[in-house]
Amino acid sequence: MINIIRKKRDGGKLSRQDIERFVAGIVDGTIPDYQASALLMAIYFSGLDKEEAFLLTDAMKRSGDVADLSAINGIKVDKHSTGGVGDSTTMVVGPLCAANGVPVAKMSGRGLGFTGGTIDKLESIPGFKTTLSSEEFKNIVNTVGLSVIGQSEHIAAADKKLYALRDVTATIENIGLITSSIMSKKLASGSDAIVLDVKFGSGAFMKTKEDARELAEWMVEIGKMSGKKTAAFITDMTEPLGNNVGNTLEVIGAIEVLKGKGAERLRELSINLAGYMIFAGGKASDFEEGKAMAKKSIEDGSGLAKFREFVAAQGGNPEVTEDYSLFPQAKQNRELSIKKAGYVTSINAEEVGRAAQLAGAGRAKKEDSIDPAAGIVLHKKVGDYVESGEPLATIYADTDLQMSQALIAMMGAFNIEEAAPEETALVLDVIGE
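Take the position in the sequence shown, starting the count at 1, then add 599; the result is the number in our numbering.
Laid out in structure tokens, this is it:
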């Protein structure tokens, strides 16, 4: 291990044997944390090339369970987002793909910090189960076309230990390590094709479009080197994607989009992602046809019908699509308004996400509990005109403390000016197949 650390410290290239020795030692505990941390710091400063990143991804993928989805019919397509605020695309995209014959067998995570987790959102549906046996999972995908479960503790086992070390040694921000962490879990999930949503802006991990593009290019390259059809969308997260931020609220936001209503940006990105997945799944001749098919599944109600079928198959109450009072309800709600009139020129997505977290919708630590009903509904989006005293948002919380903290956090989220802002694109580029 000392030789491996020295090699990377001095700018050398790690071999497959070096990387596999390192990953195996992380999993079985034979490499102490101080040596693992030393190698991570050497990688942070000297970097990894794409071949090293591929070898690290592959070794991490094989460090735990690798899902075998061969019993599921068709081309399985997975979607991954690098995390954002008000992003409930999985709950729209999954039903749209399933309605068009593309199976989605998805393993998702929980939320941490100001970004939400799909599993937390789905668990706000009464009765919905996110823990299923492997056979139940595959049977639902074969029957319904869609199933979403919590990520196994044994998927990419090395990643959990390495991420914990990176978190406490200031080695998170390295493109090779970020790529290997994300892609090892996606590749271990077993799908045939992967569509990535790489976000940039205040509400994303990557703050600039240049950093998002670099990460997208790396992940697509590693996906291709791993033999998977892979594409990446580069998308704007300078403002929340949907109007609703919080677990129950985001499920409602997704249902509204499936009904042909809801937030325009959420609908636009969902149609783009679903369209590409339908194309990657072999049900459309190109991306444009895939988008048209996804849009039609909203218009004819087949996407919503598939969502109800999916919810029922996993033990949830499908009647939530028609009666939102069946969801958990917050004890308090308060409107946020300011006296200034003008155009909303920006909404800081991270501040909105932090406010929702303080209201009870998110976790500061993994072991924290969350309130499924807590969160924020935005009444104005960027480009809208607001009159003096007109409500900008409504905050939902259970306690006075949560409400006051969330209100304070939201105070600086909206920027209002006399002149209307220029329109910005939601999808900047698509990289890959």
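C-beta: ideal position from N, C-alpha, C; glycine also.
Start and end residues, beta strand (DSSP E) containing Arg933: For the purposes of this step, residue 933 is identified with residue 334 of the sequence shown, where counting begins at 1. Start and end: 931-936.
CB contact flag (Val692, Leu872, <7 angstroms): Within the sequence shown, the letter at position 93 stands for residue 692. Within the sequence shown, the letter at position 273 stands for residue 872. It is a contact, given that the beta carbons lie within the stated cut-off.
Closer than 7 angstroms to chain B by CB, Asp810: No chain B appears in this structure, which consists of one protein chain only.
Beta-carbon contacts of Leu647 that lie in its chain and below 6 angstroms, excluding the five residues immediately before and after: Indexing the sequence shown from 1 puts residue 647 at position 48. Once the five neighbours on either side are set aside, the close Cβ partners of Leu647 are Gly775.
Contacts around Ile1015, its chain only, beta-carbon distance under 8 angstroms, and the 5 residues preceding and following it disregarded: Locating residue 1015 in the sequence shown gives position 416, where the first residue counts as 1. Ile937, Lys939, Ala940, Gly941, Tyr942, Val943, Thr944, Val985, listed in sequence order.
Nearest residue (CA-CA) to Arg765, options Ile625, Thr920, Leu1000: The residue given as residue 765 occupies position 166 in the sequence shown. Ranking the options by Cα distance to Arg765, first place goes to Ile625.
Residues that DSSP places opposite Gly941 in a beta bridge: By 1-based counting over the sequence shown, the position of residue 941 is 342. BP columns for Gly941 point to Val985.
Given 8 angstroms, three or more beta-carbon pairs between the segment 812-823 and the segment 778-786: Counting C-beta pairs with one atom in each stretch, the segment 812-823 and the segment 778-786 have three or more that are closer than 8 angstroms, which means they touch.
Phe1104 to Thr768 span [Cα, whole Å]: This structure cannot speak to residue 1104, because the chain is shown only from 600 to 1032.
Which of helix, strand or coil DSSP assigns to Glu650: To locate residue 650, count along the sequence shown from 1; it is residue 51. Note: Glu650 maps to helix in three-state DSSP.
Bounding residues of the beta strand (DSSP E) (the contiguous stretch that carries Tyr995): The residue given as residue 995 occupies position 396 in the sequence shown. That run of the beta strand (DSSP E) goes 990-996.
Contiguous alpha helix (DSSP H) assignments of at least 4 residues, all confined to the segment 808-836: Segments of the alpha helix (DSSP H) lying fully in the segment 808-836: 808-824.
Alpha carbon of Tyr643 to alpha carbon of Met659, nearest angstrom: For the purposes of this step, residue 643 is identified with residue 44 of the sequence shown, where counting begins at 1. For the purposes of this step, residue 659 is identified with residue 60 of the sequence shown, where counting begins at 1. When rounded, the distance between both Cα atoms is 18 angstroms.
Cβ neighbours of Ser707 in the same chain (closer than 6 angstroms, five flanking residues each side left out): Along the sequence shown, read from residue 1 onward, the residue named residue 707 stands at position 108. Thr717, Ile718, Val747, listed in sequence order.
Exposure label - Met1002; buried when at least 16 CB within 10 Å: Stepping through the sequence shown from its first residue, residue 1002 is reached at position 403. Buried is the call here.
Every unbroken alpha helix (DSSP H) within the segment 746-807, with a cutoff of 4 residues, ordered by chain: For the segment 746-807, the continuous alpha helix (DSSP H) assignments of 4+ residues that do not extend past its boundaries occur at 756-767, 774-787, in sequence order.
Cα-Cα separation between Tyr762 and Glu1017, rounded to whole angstroms: As a working mapping, residue 762 is identified with position 163 in the sequence shown. As a working mapping, residue 1017 is identified with position 418 in the sequence shown. Across the structure, Tyr762 and Glu1017 are spaced so that their CA atoms are roughly 45 angstroms apart.
Stretch pair the segment 945-952 + the segment 993-1007: three plus CB contacts closer than 8 angstroms: No: fewer than three Cβ pairs fall under 8 angstroms.
7 angstroms CB neighbourhood of Phe727 in its chain, flanking five on each side removed: Position 128 of the sequence shown, counting from 1, holds the residue named residue 727. Taken in chain order, the residues that qualify are Leu721, Val910, Gln913, Gly914, Gly915.
Where the beta strand (DSSP E) containing Ala704 begins and where it ends: Your numbering for residue 704 matches position 105 in the sequence shown. Under the DSSP assignment, Ala704 falls in the beta strand (DSSP E) whose first and last residues are 703-707.
Range covered by the beta strand (DSSP E) that runs through Lys678: Against the sequence shown, residue 678 aligns to sequence position 79. Start and end: 676-680.
Beta-carbon gap between Ile877 and Val701 smaller than 7 angstroms: Mapped onto the sequence shown, residue 877 falls at position 278. Mapped onto the sequence shown, residue 701 falls at position 102. In this structure, Val701 lies closer than 7 angstroms to Ile877 by Cβ.
Residue closest to Pro990, alpha-carbon to alpha-carbon, out of Asn932, Thr998, Glu1021: If you number the sequence shown from 1, residue 990 lands on position 391. Out of Asn932, Thr998, Glu1021, the CA that lies nearest to the CA of Pro990 is found in Asn932.
Per-residue DSSP class, three states only, for Thr1023: Position 424 of the sequence shown, counted from the start, is the residue given in the question as residue 1023. Of the three classes helix, strand and coil, the one that applies to Thr1023 here is coil, per DSSP.
The alpha helix (DSSP H) enclosing Leu848, as first and last residue numbers: Position 249 of the sequence shown holds residue 848. Start and end: 846-857.
Helix, strand or coil at Ile877 according to DSSP, with G and I counted as helix: Translated into positions along the sequence shown, residue 877 becomes position 278. Ile877 falls in the helix class under three-state DSSP.
Neighbourhood of Asp657 by C-beta distance below 6 angstroms, restricted to the same chain and skipping five residues each side: Taking the sequence shown and counting its residues from 1, the one referred to as residue 657 is at position 58. Correct list: empty, nothing qualifies.
C-beta atoms of Gly822 and Ile851 nearer than 7 angstroms: Here residue 822 refers to the residue found at position 223 when the sequence shown is read from its first residue. Here residue 851 refers to the residue found at position 252 when the sequence shown is read from its first residue. No; because the gap between Cβ atoms is not below 7 angstroms, this pair is not in contact.
Proximity of Val981 and Ile1007 at Cβ, strictly below 7 angstroms: Taking the sequence shown and counting its residues from 1, one reaches residue 981 at position 382. Taking the sequence shown and counting its residues from 1, one reaches residue 1007 at position 408. Contact check for Val981 against Ile1007 fails: the beta carbons are separated by 7 angstroms or more.
Start and end residues, beta strand (DSSP E) containing Thr741: Translated into positions along the sequence shown, residue 741 becomes position 142. Checking the sequence, you will find Asn at residue 741 rather than Thr. Counting along the chain, Asn741 falls outside any beta strand (DSSP E), though it belongs to the alpha helix (DSSP H) covering 733-743.
Ser669 versus Asp810, Lys759, Asn741, residue with shortest Cα-Cα distance: Within the sequence shown, numbered from 1, the residue matching residue 669 stands at position 70. Here the closest residue by C-alpha is Asn741.
Beta-ladder partner(s) of Leu1013, from DSSP: Taking the first residue of the sequence shown as 1, we reach residue 1013 at position 414. First, the amino acid is wrong: residue 1013 is Phe here, not Leu. In the DSSP assignment, Phe1013 is bridged to Ile946.
Cβ separation of Leu753 and Gly611, assumed to be a contact under 8 angstroms, to the nearest whole Å: Within the sequence shown, residue 753 is the residue found at index 154, counting from 1. Within the sequence shown, residue 611 is the residue found at index 12, counting from 1. The residue you asked about is not Leu; residue 753 is His in the sequence shown. His753 to Gly611, Cβ: 32 angstroms. No contact.
Length of the line joining the Cα atoms of Phe832 and Leu1027: As a working note, residue 832 is residue 233 in the sequence shown. As a working note, residue 1027 is residue 428 in the sequence shown. Computed Cα separation, rounded: 7 angstroms.
Residue of Lys705, Asp632, Arg709, Lys675 minimising C-alpha distance to Ser968: As a first step, residue 968 is located in the sequence shown; it is residue number 369 there, counting from the start. Ranking the options by Cα distance to Ser968, first place goes to Arg709.
Nearest-angstrom Cα separation, counted from Ala883 out to Ile1030: On the sequence shown, residue 1030 is found 431 positions in, with the first residue counted as 1. On the sequence shown, residue 883 is found 284 positions in, with the first residue counted as 1. Straight through space, the alpha carbons of Ala883 and Ile1030 are spaced by roughly 18 angstroms.
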